[in-house]
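Everything below concerns the one structure shown next.
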Amino acid sequence: MTGWFPPQRRGVAMGIRQTAQPLGIALGAAVIPELAEHGFAAAMMFPAVICMLSGVACALGVLDPPRKPRATATIAELASPYRGSSVLWRIHMVSALLMIPQTVTVTFMLIWLLNEYHWSVGRRARWSLPRSYSARWAAFWSGDGLTGSGHGCGPCVRSRPPRLRP
Numbered sequence: 064m065t066g067w068f069p070p071q072r073r074g075v076a077m078g079i080r081q082t083a084q085p086l087g088i089a090l091g092a093a094v095i096p097e098l099a100e101h102g103f104a105a106a107m108m109f110p111a112v113i114c115m116l117s118g119v120a121c122a123l124g125v126l127d128p129p130r131k132p133r134a135t136a137t138i139a140e141l142a143s144p145y146r147g148s149s150v151l152w153r154i155h156m157v158s159a160l161l162m163i164p165q166t167v168t169v170t171f172m173l174i175w176l177l178n179e180y181h182w183s184v185g186r187r188a189r190w191s192l193p194r195s196y197s198a199r200w201a202a203f204w205s206g207d208g209l210t211g212s213g214h215g216c217g218p219c220v221r222s223r224p225p226r227l228r229p
């Protein structure tokens with residue numbers, strides 16, 4: 064996906080990508096428990112249908128970005144960004160480490176609200192959906208979705224990233 068964007072706008076790509084999973088969690092939290100009232104098969108059909116529709120949409124609409132022919136591309140353009148540096152690997156690992164607690168928190172928070180406070184499925188959905196959507200807009204904005212500056216959010220750019228030990 065990042066190949067569709069010029070290097071200075073790749074924060075937009077990351078903002079869009081970061082939006083998908085938590086929105087899916089929020090949608091599932093709102094819909095699947097209601098469907099589970101009608102049986103396990105009904106609850107599992109919802110994510111199956113969503114995955115099928117997403118797969119069809121991707122097959123029809125997602126195209127590889129245009130690339131230079133191998134004969135005219137420079138060595139730097141052909142080289143894998145993962146070779147010669149561990150920076151991208153560390154970024155991916157930190158992203159995964161940040162995503163795991165977010166997913167666990169969102170998932171078990173809704174169960175906790177039911178067990179501890181006896182909230183209905185509808186009340187939990189009404190409480191969690193706006194928060195998920197606003198958090199996703201924040202991720203999109205911080206990825207340069209709304210600033211249009213080409214550098215992500217200003218504070219993120221001006222601060223120095225922490226040094227990681229090799």
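Quick note, the numbering used here runs 63 ahead of the 1-based positions in the sequence shown. By construction, the Cβ of each residue, glycine as well, lies at the ideal position given by its N, Cα and C atoms. Just so it is clear, the structure is predicted and the values come from calculations on it, not from any experiment.
query: Nearest-angstrom beta carbon gap, ALA93 and ALA188 [assumed within contact, 8 angstroms]; result: 4 angstroms
query: Simplified DSSP assignment, three categories, for SER158; result: helix
query: Cα-Cα separation between TRP67 and ALA120, rounded to whole angstroms; result: 17 angstroms
query: Integer-rounded CB distance, given that ARG153 should sit under 8 angstroms from LEU141; result: Going by Cβ atoms, the distance from LEU141 to ARG153 rounds to 23 angstroms, so no, they are not a contact pair.
query: PHE171 (DSSP reduced to helix, strand or coil); result: helix
query: Buried/exposed call for THR137, threshold 16 Cβ in 10 Å; result: exposed
query: 8 angstroms Cβ cutoff met for ALA89 and SER183; result: no
query: C-alpha distance - ALA40 paired with THR166, whole-angstrom precision; result: Nothing can be reported for residue 40, as the shown portion of the chain is limited to 64 through 229.
query: Distance CB(PRO85)-CB(VAL150) smaller than 8 angstroms; result: no
query: Through-space distance from HIS181 to SER116, alpha-carbon basis; result: One detail in the question is off: residue 116 reads as Leu in this sequence, not Ser. C-alpha separation (whole angstroms): 34 angstroms.
query: Proximal residues to ALA106 (C-beta, below 7 angstroms), its chain only, five neighbours per side dropped; result: ILE95, LEU98 and ALA99
query: Classification of MET77 by the beta-carbon crowding that lies within 10 angstroms, buried from 16 upward; result: buried
query: Residues near TYR145 in its chain [Cβ-Cβ closer than 7 angstroms; skip 5 each side]; result: LEU151 and TRP152
query: LEU151, DSSP secondary structure in three states; result: helix
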